[in-house]
Each structure stands twice: as structure tokens, then as C-alpha cells.
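Residue numbers (the UniProt record's numbering), protein chains in the order written: chain A, 1 to 164; chain B, 1 to 164; chain C, 1 to 164; chain D, 1 to 164; chain E, 1 to 164; chain F, 1 to 164.
Ideal Cβ positions, reconstructed from N, Cα and C, are used throughout, including at glycine.
Bear in mind that the values here come from a model prediction, so they are computed numbers and not experimental data.
Below is one structure, written out as C-alpha cells, with a few remarks after it.
There are 6 protein chains.
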Amino acid sequence: MTALTHFNDQGEAHMVDVSSKPQSLRTAISEGFITMQAHTLSLIENGGHKKGDVLGIARIAGIMASKKTSELIPLCHPIPLTHVEISFSADFHLHRIRCITTVKTTGQTGVEMEALTATTVALLTIYDMCKAVDKGMVIQAVQLLEKQGGQSGHWQRHSTDNSQ
Amino acid sequence: MTALTHFNDQGEAHMVDVSSKPQSLRTAISEGFITMQAHTLSLIENGGHKKGDVLGIARIAGIMASKKTSELIPLCHPIPLTHVEISFSADFHLHRIRCITTVKTTGQTGVEMEALTATTVALLTIYDMCKAVDKGMVIQAVQLLEKQGGQSGHWQRHSTDNSQ
Amino acid sequence: MTALTHFNDQGEAHMVDVSSKPQSLRTAISEGFITMQAHTLSLIENGGHKKGDVLGIARIAGIMASKKTSELIPLCHPIPLTHVEISFSADFHLHRIRCITTVKTTGQTGVEMEALTATTVALLTIYDMCKAVDKGMVIQAVQLLEKQGGQSGHWQRHSTDNSQ
Amino acid sequence: MTALTHFNDQGEAHMVDVSSKPQSLRTAISEGFITMQAHTLSLIENGGHKKGDVLGIARIAGIMASKKTSELIPLCHPIPLTHVEISFSADFHLHRIRCITTVKTTGQTGVEMEALTATTVALLTIYDMCKAVDKGMVIQAVQLLEKQGGQSGHWQRHSTDNSQ
Amino acid sequence: MTALTHFNDQGEAHMVDVSSKPQSLRTAISEGFITMQAHTLSLIENGGHKKGDVLGIARIAGIMASKKTSELIPLCHPIPLTHVEISFSADFHLHRIRCITTVKTTGQTGVEMEALTATTVALLTIYDMCKAVDKGMVIQAVQLLEKQGGQSGHWQRHSTDNSQ
Amino acid sequence: MTALTHFNDQGEAHMVDVSSKPQSLRTAISEGFITMQAHTLSLIENGGHKKGDVLGIARIAGIMASKKTSELIPLCHPIPLTHVEISFSADFHLHRIRCITTVKTTGQTGVEMEALTATTVALLTIYDMCKAVDKGMVIQAVQLLEKQGGQSGHWQRHSTDNSQ
Numbered sequence: 001m002t003a004l005t006h007f008n009d010q011g012e013a014h015m016v017d018v019s020s021k022p023q024s025l026r027t028a029i030s031e032g033f034i035t036m037q038a039h040t041l042s043l044i045e046n047g048g049h050k051k052g053d054v055l056g057i058a059r060i061a062g063i064m065a066s067k068k069t070s071e072l073i074p075l076c077h078p079i080p081l082t083h084v085e086i087s088f089s090a091d092f093h094l095h096r097i098r099c100i101t102t103v104k105t106t107g108q109t110g111v112e113m114e115a116l117t118a119t120t121v122a123l124l125t126i127y128d129m130c131k132a133v134d135k136g137m138v139i140q141a142v143q144l145l146e147k148q149g150g151q152s153g154h155w156q157r158h159s160t161d162n163s164q
Numbered sequence: 001m002t003a004l005t006h007f008n009d010q011g012e013a014h015m016v017d018v019s020s021k022p023q024s025l026r027t028a029i030s031e032g033f034i035t036m037q038a039h040t041l042s043l044i045e046n047g048g049h050k051k052g053d054v055l056g057i058a059r060i061a062g063i064m065a066s067k068k069t070s071e072l073i074p075l076c077h078p079i080p081l082t083h084v085e086i087s088f089s090a091d092f093h094l095h096r097i098r099c100i101t102t103v104k105t106t107g108q109t110g111v112e113m114e115a116l117t118a119t120t121v122a123l124l125t126i127y128d129m130c131k132a133v134d135k136g137m138v139i140q141a142v143q144l145l146e147k148q149g150g151q152s153g154h155w156q157r158h159s160t161d162n163s164q
Numbered sequence: 001m002t003a004l005t006h007f008n009d010q011g012e013a014h015m016v017d018v019s020s021k022p023q024s025l026r027t028a029i030s031e032g033f034i035t036m037q038a039h040t041l042s043l044i045e046n047g048g049h050k051k052g053d054v055l056g057i058a059r060i061a062g063i064m065a066s067k068k069t070s071e072l073i074p075l076c077h078p079i080p081l082t083h084v085e086i087s088f089s090a091d092f093h094l095h096r097i098r099c100i101t102t103v104k105t106t107g108q109t110g111v112e113m114e115a116l117t118a119t120t121v122a123l124l125t126i127y128d129m130c131k132a133v134d135k136g137m138v139i140q141a142v143q144l145l146e147k148q149g150g151q152s153g154h155w156q157r158h159s160t161d162n163s164q
Numbered sequence: 001m002t003a004l005t006h007f008n009d010q011g012e013a014h015m016v017d018v019s020s021k022p023q024s025l026r027t028a029i030s031e032g033f034i035t036m037q038a039h040t041l042s043l044i045e046n047g048g049h050k051k052g053d054v055l056g057i058a059r060i061a062g063i064m065a066s067k068k069t070s071e072l073i074p075l076c077h078p079i080p081l082t083h084v085e086i087s088f089s090a091d092f093h094l095h096r097i098r099c100i101t102t103v104k105t106t107g108q109t110g111v112e113m114e115a116l117t118a119t120t121v122a123l124l125t126i127y128d129m130c131k132a133v134d135k136g137m138v139i140q141a142v143q144l145l146e147k148q149g150g151q152s153g154h155w156q157r158h159s160t161d162n163s164q
Numbered sequence: 001m002t003a004l005t006h007f008n009d010q011g012e013a014h015m016v017d018v019s020s021k022p023q024s025l026r027t028a029i030s031e032g033f034i035t036m037q038a039h040t041l042s043l044i045e046n047g048g049h050k051k052g053d054v055l056g057i058a059r060i061a062g063i064m065a066s067k068k069t070s071e072l073i074p075l076c077h078p079i080p081l082t083h084v085e086i087s088f089s090a091d092f093h094l095h096r097i098r099c100i101t102t103v104k105t106t107g108q109t110g111v112e113m114e115a116l117t118a119t120t121v122a123l124l125t126i127y128d129m130c131k132a133v134d135k136g137m138v139i140q141a142v143q144l145l146e147k148q149g150g151q152s153g154h155w156q157r158h159s160t161d162n163s164q
Numbered sequence: 001m002t003a004l005t006h007f008n009d010q011g012e013a014h015m016v017d018v019s020s021k022p023q024s025l026r027t028a029i030s031e032g033f034i035t036m037q038a039h040t041l042s043l044i045e046n047g048g049h050k051k052g053d054v055l056g057i058a059r060i061a062g063i064m065a066s067k068k069t070s071e072l073i074p075l076c077h078p079i080p081l082t083h084v085e086i087s088f089s090a091d092f093h094l095h096r097i098r099c100i101t102t103v104k105t106t107g108q109t110g111v112e113m114e115a116l117t118a119t120t121v122a123l124l125t126i127y128d129m130c131k132a133v134d135k136g137m138v139i140q141a142v143q144l145l146e147k148q149g150g151q152s153g154h155w156q157r158h159s160t161d162n163s164q
């Protein structure tokens with residue numbers, strides 16, 4: 001019932017058999033944050049206009065990373081993604097950037113890991129591009145917000161979940 | 001002074017020129033956490049002994065991901081790593097797992113991104129292996145703890161830094 | 001009407017949503033040329049028989065590259081290709097080699113980029129293998145010749161198009 | 001003298017032995033063009049400001065591709081690059097975009113292929129992002145402009161070379 | 001009849017056209033062995049319990065490698081795998097480990113190469129992890145045991161086949 | 001003394017620290033065999049001349065695979081190879097093909113795994129290209145023949161080792 005499905009009865013890891021699952025539309029939405037100094041956030045925001053587009057590059061990195069998910073996560077099935085979208089928003093009060101990723105596929109298994117991988121690599125790319133001025137940036141609250149499709153159906157994070 | 005070094009004067013991204021930097025020993029240490037339900041944590045802990053080694057697989061995933069850093073982070077230099085070590089510890093009070101990664105190289109640029117990438121992918125792998133029982137897990141406080149070597153020298157996180 | 005579909009209304013790049021497109025047979029044919037010294041071309045032609053098969057290796061490189069297209073082109077969808085064929089012909093008058101690639105899939109989006117990527121990497125491989133004797137070789141006129149299938153249907157290059 | 005160095009005496013391909021070559025600074029500069037309809041060029045130019053940054057994304061794709069050169073070109077040595085820079089300029093008269101790439105390394109072999117691969121993938125990415133409005137775009141005159149360092153020393157393209 | 005299907009009539013390699021083949025469930029089972037000193041085998045067996053899980057890591061390496069098959073084998077079609085399972089058994093009499101891999105997909109072509117690649121990389125990983133104590137280990141009898149599905153139907157190795 | 005160096009004292013896998021090892025020339029030579037029906041072997045041998053160059057393609061696959069070794073073998077260090085050479089010889093009496101690979105680097109750790117990986121993938125590629133006519137082919141006796149350089153110095157297989 002509560003078993004970890006990535007292991008067989010002997011406790012050996014395997015790529016779960018989804019051969020008999022029907023193909024269906026699946027969606028996953030993830031979010032994550034990167035907290036930084038106020039000065040760093042203003043550099044990023046100005047950069048979008050005239051000094052170097054940190055968020056544009058992070059978006060591309062996240063989209064490309066979503067396509068590499070099954071290379072990175074050992075037991076993930078390779079999945080032909082049909083949509084990836086990443087958006088950023090800045091919170092100047094908490095001086096952090098929020099990243100939200102939506103991923104879709106028509107396949108036999110879900111795309112939660114693809115969404116989380118995209119969010120994470122997008123945030124790591126922001127770190128990389130700003131680390132010369134702010135090594136103390138912190139990636140926070142990378143989590144699934146919602147998934148749809150497949151056997152386990154619709155799942156949505158409740159505000160009382162163990163998030164930040 | 002506080003410019004983002006990954007952009008030239010026109011605001012165009014480039015891979016920073018490190019051709020004239022000397023090769024030297026460089027070390028980076030990163031950490032990160034994944035918070036989960038108490039039940040999930042006990043499944044992981046028991047698994048190490050007899051039901052499927054979640055942390056052993058996450059460790060391998062993190063080590064392998066560190067070698068892929070320059071494929072994932074657009075402006076990272078490819079670096080021949082000379083050491084990667086990942087350790088986990090469980091906190092049953094806060095029901096979370098802490099991941100610490102140490103990376104070394106003898107090269108012309110640092111390995112902060114390699115350490116952060118390894119930590120992140122290790123935590124994502126834990127998520128993947130346990131998501132069938134706990135979709136609400138959250139990755140928290142992925143951050144650099146320390147770096148040594150290179151032009152910018154020694155850097156260490158202060159407890160008052162903007163971490164969790 | 002004439003919008004660039006890889007951007008949303010805010011001008012942010014995304015992987016276009018093809019989730020609701022039907023799977024159908026799609027074909028793309030691309031071509032390209034590499035111009036060289038007459039002596040280099042004769043080395044390649046002789047090599048096929050007894051001194052090293054430049055074109056055989058370039059063909060393999062092109063086929064393998066077509067499978068990497070979605071890793072190289074940021075917003076390309078990963079597509080399980082069902083056919084790749086590359087042929088070369090030598091023009092001794094213009095001392096150049098022509099490369100033609102045909103790619104097929106049964107999928108939700110087209111394979112133009114896969115055909116163009118295969119042609120390009122095949123030509124780059126010819127350059128690599130001959131650059132010790134002829135650094136001045138030039139890749140010319142890499143272009144789509146024809147595509148079939150999908151919503152936009154059949155497209156064919158007219159002789160009056162902006163080719164070489 | 002004029003032999004193809006990627007083959008041994010039996011005509012069998014190999015990765016050339018560079019073990020005894022000294023490490024030295026090497027630079028390569030390549031260029032290439034993509035020709036398009038005047039309307040397409042104006043879409044790209046406007047996009048940089050408010051509608052989607054085609055050239056910014058193409059630049060990232062080219063830089064990332066340069067790091068994949070030894071995966072794409074069968075007999076290329078893997079090389080830890082120390083610098084990659086890509087710049088674009090638009091020619092409204094000939095309605096084409098020129099791409100120039102500079103690559104550096106401190107290594108035992110040259111980076112010509114890395115520069116050419118970056119230029120090519122940058123141009124292919126422009127094609128991908130604009131193909132919805134202009135399938136007839138053509139990649140032209142991808143060629144080496146200059147190389148420095150290593151045994152064969154300095155090489156520079158003459159204006160009378162077999163370019164476009 | 002007995003032609004090598006990976007070549008066309010001119011003897012040129014291509015990725016075989018499977019566009020018109022129906023999608024169906026396909027399974028392949030492969031095996032392979034690694035022979036070693038008796039002492040090495042006991043180190044591995046003890047390691048599973050308390051000193052380092054060689055076989056657990058080899059299993060992960062094999063599963064991940066199966067997903068890379070079309071990158072490694074030039075003319076293999078990329079296939080979205082739906083199941084991979086690897087099991088090991090030790091033979092203390094012949095002091096060797098046997099590896100058996102089962103791979104499944106629902107696709108247009110078979111998964112024999114994915115099963116063989118997984119088995120091989122799993123065995124190579126065992127070699128890597130034990131080579132400090134036993135460089136003489138030998139990989140033996142990597143072969144297909146059975147395949148099901150597709151046009152050529154069911155195939156099973158006979159005990160009189162040219163195995164070890 | 002006889003410990004498995006890829007594990008620390010707690011039995012946790014790590015990428016061994018080679019940071020303090022000097023760079024030196026290292027060579028490894030591996031071999032392996034693929035046994036087949038006599039008819040298959042004659043198809044391959046004829047193919048080299050006029051019907052499709054199985055061995056030429058297998059050689060390229062092996063060389064390219066050697067560059068992917070650190071992606072495939074979890075705890076391998078990434079190494080910039082300086083030479084890879086693969087040769088085949090046919091034994092019509094035992095109807096098998098022998099593959100020998102030589103790999104060199106100037107680095108901090110050895111290239112045994114690169115040589116073994118190249119040999120294995122070359123043999124798997126032969127299997128792939130001939131499996132339409134002979135599914136029963138068997139890969140045999142993949143083993144290290146010799147290594148030179150590094151702390152452990154020269155090692156050579158004795159004829160009495162546990163080979164085939």
C-alpha cells in the first residue's frame with residue numbers, strides 16, 4: 001500500500017513497468033524560489049532590459065533540462081514532452097525570484113520529475129550567473145504544485161502542506 | 001565591480017575567458033534538504049537495510065549529475081572533476097534529510113555549480129523514489145557552504161546568511 | 001499570423017504546446033554543400049575505396065546527430081525518429097560535396113530540424129576529417145527542400161527561393 | 001604530406017594521438033550566415049526588444065553546442081574550453097544575419113571544430129525559432145576565419161579563399 | 001533474405017524505416033557474466049550488506065545505460081522504454097556473477113540492443129568498482145536469451161546455440 | 001589493502017579523490033570477441049568491400065563510446081582522452097571477430113574503463129547491424145590486456161589468467 005514502487009520484492013531498484021498503462025494527457029506544475037541580496041535582485045531586473053538577460057537564459061536552461069530528466073533521475077522513464085513553459089516573478093519585499101514550470105505529455109507516465117528538474121536547473125542557472133556578486137543565494141521550496149492525468153488522477157498542494 | 005561577469009559590455013552572454021588563469025586546487029561544499037512526512041522518512045531509513053536503498057541510489061545520481069553540470073548550466077566551463085563525495089543524514093525531529101556534497105578539481109575555474117547540481121539532483125532523486133507515497137515533499141535550502149581556491153579565495157557561509 | 005510561435009504573449013520562450021495535435025507521419029528533406037579544393041575532393045573520393053572512408057563516417061555522424069537534435073536546439077520537442085537516410089554526391093566541376101538527408105517520424109510535430117541538424121553535422125564531420133589538408137573548406141546552402149505531414153501540410157522549396 | 005590524418009595506414013579511422021603535444025593556448029574564430037525574408041529579419045530585430053529574444057537564445061544554444069562538439073564529431077578530442085563568445089550582426093540590405101564565434105582552450109589540440117559547431121547550431125536555432133513564418137531560410141558560408149596556437153601555427157582566411 | 005538491413009542497396013548505412021510498423025508490446029531478455037577471483041566475489045557479496053553495494057550501483061548503471069542505447073549504437077532508433085529490470089546472481093563455484101536484464105517497450109521496433117547495453121554496462125561497472133583489487137576480471141557470454149513482439153515474433157536461445 | 005576503493009569507511013560510494021595525483025601518460029589496451037555463424041562472418045567481411053561497412057561503423061561507435069565512459073560508469077572520472085584506436089581481425093576457423101582497443105591520456109587517473117567501454121560498444125554495434133540475420137551472436141572475453149602509467153604502474157594479462 002505504502003510501498004516504494006521503485007523497488008521489487010527483494011528491495012532491488014527497477015524502472016517500474018508501465019507497459020500496460022494507457023497513453024493519456026498528463027500535466028505537472030512545480031515551483032521554486034531563489035533568495036538573494038536586494039542588490040542582486042535589482043541587477044537581474046535591470047539586466048532584462050539592457051545589461052544581460054539572466055532570466056531569459058535561466059528559462060532556456062530549465063526547458064532544456066526538462067528534456068534531460070530521464071538522464072539525470074535514474075529510474076525515470078524517457079518521455080517525449082509536448083509542452084514546457086517556465087515563468088518567473090520577482091518579489092522585491094522578500095528579495096527572491098519565484099519560478100513556476102508547467103510540463104505536459106501524452107504518455108504512459110507522469111511528468112512531475114520533468115517539471116521539478118526544469119525549475120531546479122532554472123534556479124541553479126540564476127545562481128551561476130549571479131554568483132560573482134552574491135555567493136550566498138539560496139534555493140528554497142522546490143515543490144510540486146499540481147498534477148493531472150494518469151491512474152493517480154488529480155493532485156493539488158494544500159496550503160497546509162509541508163512547504164516553506 | 002558588482003557587474004554580472006557572464007555578460008559582456010553589450011549585455012550579451014558569453015562563457016567567461018579563463019584561459020589565462022592558473023590551474024589550482026579548488027573545492028566547493030554545498031548542502032540542501034528534503035522535507036517529508038514522518039512515515040516517508042522511516043520508509044527511507046528502513047529501506048537502506050532491507051527494502052530498497054533510496055539514499056544509495058540518490059548518491060549515485062548526484063555524483064553522475066555533477067559530471068553533467070556543464071551540459072545543464074549554459075555558461076559553465078567543462079571541468080574534469082577529481083573528487084565528488086555526497087553524504088546524507090536524517091533529522092527525525094524535522095523529518096527531513098540533509099545532503100552535503102564536496103567536489104574538487106585541479107582547474108582554471110571553481111566547482112560551486114558542480115556541488116550544487118549534485119546536491120539538487122540527489123534530492124530530486126529522493127523525491128522521485130518516494131513520490132508514490134508522498135507527493136508533498138519539499139526541497140529546501142540548497143546553498144553553498146564553502147569554497148576554496150582560485151582568485152576569489154576562501155568563502156564560507158555565515159550563520160546569519162539568508163538561509164532558511 | 002506572422003508571429004514567432006516559440007514565444008508567448010509576453011515574449012517569453014516556451015516549448016510550444018503540441019499536446020492536442022494528432023500523431024501523423026511526417027517527413028523532412030534537407031540539403032547542404034561543402035566546397036573544397038579539387039585535391040581535397042579527390043582524396044575523399046579515393047578514400048572511400050582504399051584510404052579511409054570520410055563519407056561513411058560523416059553519414060554515421062549525421063544520423064547520430066539527428067537523434068540529438070532536441071538536445072541541441074533549445075525549443076525542439078524530443079521526437080522518436082522512425083527513419084534517417086543520408087546520401088552524398090560529389091560535383092567535380094564545382095569541387096563540392098552535396099549532402100541530402102531524409103528524416104521521418106510518426107509524431108505530433110515535424111522533423112525539419114532533425115533533417116537540418118543531420119546535414120549540418122555530416123558536413124562538419126567532413127570538414128573535421130579533411131581540415132589537416134584544407135582549412136578553407138566552406139559549408140554552403142544548408143536548407144530545407146521539402147516537408148510533408150502535420151497541420152501546415154506539404155511545403156516544397158521553389159527554385160526561386162533565396163538559396164545559393 | 002597531404003594525407004588525411006584521421007586514418008592510419010590501413011585506412012582505418014582513429015582519434016589522432018596528441019599525447020605528446022604540449023598544452024598551449026589555442027584560439028579559433030568561425031563565421032556563418034543565415035539568409036531570410038526581409039520581414040523575418042525585422043521580426044527578429046524587433047524581438048530583441050519586446051517580442052522574444054531569438055538571438056539571445058541562439059547565442060546560448062551555440063555556446064552549449066560548442067561544449068558538445070566531441071559528442072557530435074566522431075574523431076574530435078574532448079577539450080575543456082576556456083572561452084566561448086558569439087556575436088550576431090544583421091545586414092538589412094542582404095537580409096541576413098552574420099554569426100561570429102570565438103573559442104579558446106589551453107590544450108593539446110585545436111578548437112576549430114568547436115567554433116564551427118557553435119556557429120552552426122546558433123544558426124540552426126535561428127531557423128527553428130523563425131521557421132513558422134519562413135521555411136525558406138538558408139544557412140550560408142559557415143567557415144573558419146582564423147586559428148592560432150599549436151603546431152600548425154597561425155592560419156587566416158584570405159579574401160580570395162573559396163568562400164561565398 | 002539474408003541481407004544486412006542496416007544498409008541500402010548501395011551499401012550505405014541508414015536508420016531503417018519503421019514508420020509503417022504498428023506499435024506493439026516488445027520484450028527482450030539478455031544475460032552476461034563477469035568472472036573474477038574468488039576473493040573478489042566474496043568482497044562483492046559482503047559489500048551488499050555492510051561495505052559498499054557494488055551490485056546496487058551496477059544495477060543503476062545498467063538501467064541508466066539502457067536509456068542511452070540509441071546514443072551509443074549508431075543506427076538504433078530512439079525508443080521510450082516502459083520497463084527495465086536487472087538481476088544478479090553469484091556462482092561461487094565458477095566465481096562469477098550472472099546479470100540478467102529484461103526490457104520492455106510499446107513501440108515500432110524491438111529492444112534487444114537496450115537489454116544487451118544494460119547488461120554490458122552493469123558488468124563494466126562491476127569491473128570498475130573492483131579493478132583496484134582484480135584487474136583480471138573477464139566479461140563473458142553477453143547474449144540475447146529471448147525476444148517477443150514485432151514482425152519477427154518470438155525468438156528464444158537454444159541450449160545448443162553458440163554460447164559459452 | 002584489498003579494499004574496494006570506490007567506497008569510504010561507511011561503505012558509501014564516492015568518486016575517489018585523485019586531486020593530488022600527478023598528471024602522467026597512461027595507456028590501456030583491452031580486447032573482446034563476438035562469435036557468430038560462419039555465414040554472418042562472411043557477410044561482414046564482404047560488406048567491407050561492397051555491401052556495407054559493418055566494422056567501419058563499429059569502430060566509430062567504439063571511439064565515440066570511449067568519450068562517454070564517465071557518463072556510463074557512475075564513479076569514473078571524466079578524462080580528456082588523447083588517443084583512441086580500435087582494430088578488428090576475423091578468425092574464420094572460430095567464426096568470430098576480435099576487437100582490440102588502445103586508449104591514451106595524460107591525466108590523473110587511468111583509462112582502463114575507456115578501453116573496455118570502447119571494445120564493448122564496438123562489439124554491441126556489430127551485433128546490432130547483423131542481428132537481422134543472426135540473433136544468436138555472443139560477446140565473449142572482454143578483458144584488459146595491459147595498462148601503463150600511474151601509481152599502480154605496468155600491468156599485463158598473463159596467459160593463465162581467467163580468460164576464455
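Measuring CB to CB, does residue i end up less than 8 Å from residue j?
| i | j | result |
| --- | --- | --- |
| A/Thr106 | A/Ser30 | no |
| B/Leu124 | A/Ile73 | yes |
| D/His83 | F/Val84 | no |
| E/Tyr127 | E/Met137 | yes |
| A/Phe88 | A/Cys76 | no |
Closest by CA to residue i, which one among the options?
| i | options | result |
| --- | --- | --- |
| E/Thr40 | E/Glu146, E/Met64, E/Gln23 and E/Leu55 | E/Leu55 |
| B/Ile34 | B/Glu114, B/Asp53, B/Ser87 and B/His95 | B/His95 |
| D/Val18 | D/Gln37, D/Gln108, D/Glu85 and D/Leu123 | D/Gln108 |
| E/Ser20 | C/Gly11, C/Lys104 and C/Arg157 | C/Lys104 |
| B/Ile79 | B/His158, B/Asp134, B/Leu25 and B/Ile139 | B/Leu25 |
| E/Glu12 | C/Phe92, C/His93, C/Leu4 and C/Thr101 | C/Thr101 |
| C/Ser42 | C/Leu144, C/Cys130 and C/Gln151 | C/Cys130 |
Tell me, please, which residues DSSP counts as bridged to residue i.
| i | result |
| --- | --- |
| C/His158 | BP columns for C/His158 are empty, so no partner. |
| E/Met137 | DSSP, once it has assigned bridges, lists no residue as partnering E/Met137. |
| C/Arg96 | C/Thr35 and C/Asp91 |
Contact criterion: CB-CB distance below 8 Å. Does residue i meet it with respect to chain A?
| i | result |
| --- | --- |
| E/Ile139 | no |
I want to see whether chain F comes within less than 8 Å of residue i, judged by CB atoms only; does it?
| i | result |
| --- | --- |
| C/Gly56 | yes |
| E/Met129 | yes |
Taking 8 Å as the CB-CB limit, is residue i close to chain C?
| i | result |
| --- | --- |
| F/Asp53 | yes |
| F/Ile100 | no |
Check whether chain D comes within 8 Å of residue i, counting only Cβ atoms and requiring the distance to be less than that.
| i | result |
| --- | --- |
| A/Ile44 | no |
| C/Arg157 | yes |
For my contact list, residue i and residue j are in at a C-beta cut-off of 8 Å; report their separation, rounded to the angstrom.
| i | j | result |
| --- | --- | --- |
| E/Gln140 | F/Gln37 | With 8 Å as the limit, E/Gln140 and F/Gln37 do not qualify as a contact, their Cβ atoms being about 20 Å apart. |
| C/Ala65 | C/Thr27 | Not really, about 18 Å apart at Cβ, beyond 8 Å. |
| D/Ala132 | C/Thr5 | 4 Å |
If you measure from the beta carbon of residue i to each beta carbon in chain B, is any gap under 8 Å?
| i | result |
| --- | --- |
| E/Ile126 | no |
Can a CB atom of chain E be found closer than 8 Å to the CB of residue i?
| i | result |
| --- | --- |
| F/Asp17 | no |
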